[in-house]
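Visitor: Got a structure for you, questions after.
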Amino acid sequence: IMFRHLLPNAMVATLTFMPFLLSGSISTLTSLDYLGFGLPPGSASLGELLKQAQRNLNAPWLGISGFVVISLMLSLLVFVGEATRDAFDPRKTFR
Numbered sequence: 013i014m015f016r017h018l019l020p021n022a023m024v025a026t027l028t029f030m031p032f033l034l035s036g037s038i039s040t041l042t043s044l045d046y047l048g049f050g051l052p053p054g055s056a057s058l059g060e061l062l063k064q065a066q067r068n069l070n071a072p073w074l075g076i077s078g079f080v081v082i083s084l085m086l087s088l089l090v091f092v093g094e095a096t097r098d099a100f101d102p103r104k105t106f107r
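Under this note's numbering, the first residue of the sequence shown is numbered 13, with each subsequent residue one higher.
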């Protein structure tokens with residue numbers, strides 16, 4: 013009963029939740045790196061890129077590129093999560 017009925021439904025819930033969890037993790041890591049509490053200083057991360065953009069205002073491409081990468085990545089992860097949820101929704105009927 014467990015392998016036939018419970019696990020397939022649990023897998024659907026897990027698969028649809030993973031992109032949202034990954035999006036939250038990326039946002040948290042970027043925020044912590046920007047504040048200086050994340051990875052060690054000097055390591056490559058999006059938060060470190062945004063912090064360097066704040067320090068070097070004469071190089072606007074640092075901030076713009078970091079913002080564009082974060083925005084696109086998080087938007088695409090949310091779109092993938094919603095598409096996965098819609099694809100695996102058992103209550104959705106096709107007409």
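Where is the CB? At the ideal position from N, CA and C, for every residue including glycine.
Keep in mind that this is a model prediction, so the values were computed, not measured.
Check the C-beta distance from G129 over to L61 and give it rounded, since I have them as a contact under 8 Å.
Guide: Absent from the model: residue 129. The displayed extent of the chain is 13 to 107, so no value can be given.
Visitor: Do A65 and D54 come within 9 Å of each other at the CB atom, strictly closer than that value?
Guide: Within the sequence shown, the letter at position 42 stands for residue 54. Within the sequence shown, the letter at position 53 stands for residue 65. The amino acid occupying residue 54 in the given sequence is Gly; Asp does not appear at that position. No, these two residues do not count as a Cβ contact at 9 Å.
Visitor: Specify the secondary structure class of A71 as computed by DSSP and reduced to three states.
Guide: Reading the sequence shown from its first residue, position 59 is the one you call residue 71. A71 falls in the coil class under three-state DSSP.
Visitor: Give the range of the alpha helix (DSSP H) segment to which G54 is assigned.
Guide: Stepping through the sequence shown from its first residue, residue 54 is reached at position 42. Looking at the DSSP string, G54 is not in any alpha helix (DSSP H), and its letter there is neither H nor E.
Visitor: Mapping the DSSP letters down to three states, classify D108 as helix, strand or coil.
Guide: Nothing can be reported for residue 108, as the shown portion of the chain is limited to 13 through 107.
Visitor: Measure the C-alpha to C-alpha separation of S43 and G59 and round it to an integer number of angstroms.
Guide: Looking up residue 43 in the sequence shown gives position 31. Looking up residue 59 in the sequence shown gives position 47. Going by the C-alpha atoms only, they are around 6 Å apart.
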